[in-house]
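**Student:** For the sequence shown, the UniProt record's numbering begins at 1 and goes up steadily by one.
Below you will find the structure I want to go over with you.
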Amino acid sequence: MSKKLEGNGRWESSRMMLPEHREQYLQRRETPKASGPVPVPSKEELELIRDYVLLPMMLTIVDKNCKDIELSPYSMKQLYMKASRVLMGHIHNDLNAVRKALKERNIRVFLEESNSEHGAIHYKFICRGYEDRFSMIRDAARAEISVRIAKYISLMFK
Numbered sequence: 001m002s003k004k005l006e007g008n009g010r011w012e013s014s015r016m017m018l019p020e021h022r023e024q025y026l027q028r029r030e031t032p033k034a035s036g037p038v039p040v041p042s043k044e045e046l047e048l049i050r051d052y053v054l055l056p057m058m059l060t061i062v063d064k065n066c067k068d069i070e071l072s073p074y075s076m077k078q079l080y081m082k083a084s085r086v087l088m089g090h091i092h093n094d095l096n097a098v099r100k101a102l103k104e105r106n107i108r109v110f111l112e113e114s115n116s117e118h119g120a121i122h123y124k125f126i127c128r129g130y131e132d133r134f135s136m137i138r139d140a141a142r143a144e145i146s147v148r149i150a151k152y153i154s155l156m157f158k
């Protein structure tokens, strides 16, 4: 029993692990260390990460406004609701394109923490082995979302 816990005894005690597999596993585990520094994400990749963060927020905002309009007594609420749904469709298509691009480039984004005291949202991202944090202040996110929604609306009516 003590042999299994000493040194590399766990490999010797495993009946499923062949010596060839053990060597391949150890080589794969050491390869990233020997390959040198990991390249920093490009500006385009950072913009994809920002879009991945902002587009779901935009969908939430437009959906909430659509529901508010639906409950309102406005005579033109049908027009506003249909326009909101079309807008949500455009945002959803862009979000799918961003997700696909992130997957193709092997970039993953995780919500790390949301600190309401400081008004910031923090995300962790992994881009080809490079790990870092992406933070966005809520006021900056609101301003960016407002500008982007205005751009979507102007594109809808061209």
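A virtual CB, placed ideally from N, CA and C, is assigned to each residue, including glycine.
Note that this is a predicted model, so its numbers are computed, not measured.
(1) Are the region 74-93 and the region 125-138 in contact at 8 Å, needing three or more beta carbon pairs?
(2) Measuring alpha carbon to alpha carbon, tell me which of 55, 142, 61, 132 ends up nearest residue 38.
(3) Between the region 47-61 and the region 94-101, can you find at least three pairs of beta-carbon atoms closer than 8 Å?
(4) Would you identify the three-state DSSP class for residue 159, choosing helix, strand or coil?
(5) Beta-carbon separation of residue 105 and residue 45 under 8 Å?
(6) With DSSP as the reference, label residue 124 as helix, strand or coil.
(7) Which of the three DSSP states, helix, strand or coil, is assigned to residue 108?
**Tutor:** Taking the definition as stated:
(1) no
(2) 132
(3) yes
(4) Past the boundaries of the shown model lies residue 159; the chain is included only from 1 to 158, so the question cannot be answered.
(5) yes
(6) strand
(7) strand
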